[in-house]
Amino acid sequence: MAMEDNPTTLSDRELRDFFRRLFPDGFAGEDVVKQVAPEGWNNSPLFACFHASPEQVLAECVSRHRRHQKLIALRLQSSGKEPESAPSPEPTMADVMADWEDRPVNITDELTAIVGACLWDIFSDNHKVVAGDGRAVDIGSFRGASAFLAECLRDSKQLDDGAEYQFYLGTIWFSERADCTPVYRMIFRRLNLVGANWEYDFPQLHLVDVSQLSEFLEKPEAPYSASEAFAKDHEERQQKAELEKARGDLQEANIEARREAMDEPPPSTVRAYRQIYGHDPKGWPPICGLENSLLPP
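Numbering (my numbering), first residue to last: 180 to 476.
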């Protein structure tokens with residue numbers, strides 16, 4: 180979260196004022212409903228996020244089951260073991276209906292959850308929102324961003340003290356059920372109206388070297404041994420070489436992921452941004468700093 184004395188980010192008080200300006204009537208106010216579900220909540224495609232049909236639930240269960248079976252097969256293959264002769268059967272409609280429950284509609288809770296998740300996608304996940312004066316609108320990352328959004332709801336009395344919303348990981352929970360572009364578009368429209376902008380960050384994998392932490396945790400009382408010191412030095416050199424190779428492989432994987440992204444439709448956040456701002460956000464296309472590496476071979 181932003182610090183009060185950091186001149187490059189909004190202060191905590193300014194952050195809360197910023198979100199009050201964005202959503203004066205809350206994440207699920209009538210103004211939000213009109214923008215994201217003008218045909219009515221029950222008729223909106225977003226309705227399926229919380230009220231999926233049995234057919235949709237079955238499709239999701241089968242998809243998860245197949246991904247799980249594929250991972251098992253890959254794990255067995257990598258370990259040199261024979262694949263399972265009789266893999267577990269796929270879920271059936273009977274399995275779905277055994278746990279089926281037609282839950283009551285609660286537009287306030289449901290829309291608040293979706294809007295909060297979309298806000299997490301835009302303000303967190305390594306992306307950056309910039310206020311009109313150039314300062315970062317930094318609400319924290321990952322779990323911190325989720326907690327901040329929930330606190331905004333509590334501060335504005337839009338969330339009871341006993342209620343809980345988890346916006347962590349954003350719309351990953353809704354991605355198979357509905358296109359959240361209308362919600363992103365609504366958020367970007369409001370950001371644009373207050374003079375704010377958004378910068379996209381392409382997701383990348385990173386390696387963390389914990390060798391220094393391991394050395395710090397070692398007990399220093401043991402007497403010095405030349406042979407042990409030599410063995411330790413050899414092991415550290417080998418580990419360092421392996422780490423550098425892994426970093427190189429990971430860098431290649433990240434570059435390849437960027438190449439593949441150029442051949443796919445842009446994320447829904449980027450599409451929604453284009454529709455409001457009229458151009459791509461900073462950071463898209465994802466070639467910044469890697470132009471030479473991304474050139475076709």
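Ideal Cβ placement from N, Cα and C applies to all residues, glycine included. None of these values were measured; they are calculated from a predicted model.
Per DSSP, E269 has no beta bridge partner at all.
Shown here for R364: same chain residues with a beta carbon closer than 7 Å to its own, the five before and five after excluded, namely A451, Q454, I455 in chain order. E330 carries a helical assignment under DSSP once its states are collapsed to helix, strand and coil. In the assembly as shown, T271 is an exposed residue. Its beta-carbon has fewer than 16 other beta-carbons within 10 Å.
Each of R195, A216, W299 was checked against the Cα of R333, and the nearest Cα belongs to R195. Note: N376 is bridge-paired with V309 in the DSSP secondary-structure output. It is roughly 34 Å from the alpha-carbon of V211 to the alpha-carbon of I466.
Going by beta carbons, D380 and H458 fall outside the 8 Å limit. Here the stretch 308-318 lies against the stretch 188-204, with 3 or more beta-carbon pairs under 8 Å apart. Collapsing the DSSP output to three states places K260 in coil. Sequence-distant Cβ neighbours of T287 in its own chain, meaning closer than 6 Å and more than five residues away, are A207. With a cutoff of 8 Å on beta-carbon distance, S447 and D358 are scored as near each other.
Between Q235 and the set P464, L372, M276, G349, the nearest pair of CA atoms involves M276. In the three-state reduction of the DSSP assignment, T448 falls in the helix class.
Exclusion of the five residues before and after E269 leaves V241, H244 as the residues of its chain whose Cβ lies within less than 7 Å of its Cβ.
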